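Student: Structure in structure tokens, see below.
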Amino acid sequence: DAGVIQSPRHEVTEMGQEVTLRCKPISGHDYLFWYRQTMMRGLELLIYFNNNVPIDDSGMPEDRFSAKMPNASFSTLKIQPSEPRDSAVYFCASSLADGNNEQFFGPGTRLTVL
Amino acid sequence: AQRVTQPEKLLSVFKGAPVELKCNYSYSGSPELFWYVQYSRQRLQLLLRHISRESIKGFTADLNKGETSFHLKKPFAQEEDSAMYYCALPYTGANSKLTFGKGITLSVRP
């Protein structure tokens, strides 16, 4: 298994543009998490899904952010319109519902909004 | 509400020196705590969890309920230990969801 896959690895865009980040969780995992990492705030949970259903999106900063999980093997995080303060590394992680609580992280997408 | 505090952002030591990365928590109930590590150009990954009581790469962490701490320790740091370290614990009532501290960068100099 290649682990959690994220694309693109790097994204540079201009303010106002739409950005879509993609994630493929580990096959068979029940949970999928989207995080944002910045120097100031560390690792923040944005939203997470259980069996493709969004459970908690309280970490989503504002309406410009949206996330979907149309099936068990794919999720997207969209920012529209993007702003410079959205520049960060965005991580996707997945885990099993086995009470183990170990999350497996993707390599991240480094987003730069100019 | 649960909270994880990592009071330092950066720790710089020489190779062979002891390391202690601090983590304090607030949690109602019996917490399960974790340390995750992110080496340069690698994914964030689980380093160890308190429930397993194991030593990984020479690191240990003891849960101290009296002091509500879960400090990560290693007696002799190696250069390859240089990385970002995050302490984490589950949310009350939502065990699959973790809250992370802000992380600490460990730099081990030769």
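Chains as they are written, first to last, in the numbering used here: chain A, 528 to 641; chain B, -16 to 93. In this text, a Cβ means the ideal position worked out from N, Cα and C, and glycines have one as well. For clarity, every value in this text was computed on a predicted model and none was experimentally measured.
#1: Cβ atoms of residue 609 (chain A) and residue 640 (chain A): under 7 Å apart, would you say?
#2: Would DSSP call residue 612 (chain A) helix, strand or coil?
#3: Applying the criterion that 16 or more other CB atoms from any shown protein chain within 10 Å of the CB defines a buried residue, is residue 615 (chain A) buried or exposed?
#4: Report the residues of the region 546 to 573 of chain A with a CB closer than 9 Å to any CB of chain B, ordered along the chain.
#5: Against chain B, with Cβ distances strictly below 7 Å, would residue 634 (chain A) count as a contact?
#6: Could you name the residues of the same chain whose beta carbon sits closer than 8 Å to that of residue 530 (chain A), not counting the 5 residues immediately before and after it, in chain order?
#7: With 7 Å set as the bound, which would you pick, yes or no: does the beta-carbon of residue 629 (chain A) sit closer than that to a beta-carbon of chain B?
#8: Please list, in chain order, the chain B residues whose beta carbon lies closer than 8 Å to that of residue 622 (chain A).
#9: Leaving out five residues on either side along the sequence, give the residues of the same chain with a beta carbon under 6 Å from the beta carbon of residue 548 (chain A).
Tutor: Put simply:
#1: Yes, Cβ-Cβ distance for residue 640 (chain A) and residue 609 (chain A) is below 7 Å.
#2: Look at residue 612 (chain A) here: in three-state DSSP terms it is helix.
#3: With 16 or more other Cβ atoms inside 10 Å of its own Cβ, residue 615 (chain A) counts as buried.
#4: Residues of the region 546 to 573 of chain A with a C-beta less than 9 Å from any C-beta of chain B: 557, 558, 560, 562, 564, 566, 567, 568, 569, 570, 571, 572, listed in chain order.
#5: Yes, because at least one Cβ of chain B sits closer than 7 Å to the Cβ of residue 634 (chain A).
#6: Result list for residue 530 (chain A): 553, 631, 633, in chain order.
#7: It does: the Cβ of residue 629 (chain A) has a partner Cβ on chain B nearer than 7 Å.
#8: Correct list: 79.
#9: Sequence-distant partners of residue 548 (chain A) (beyond 5 residues in either direction) whose C-beta falls short of 6 Å from its own C-beta, in its chain, are 604, 617, 636.
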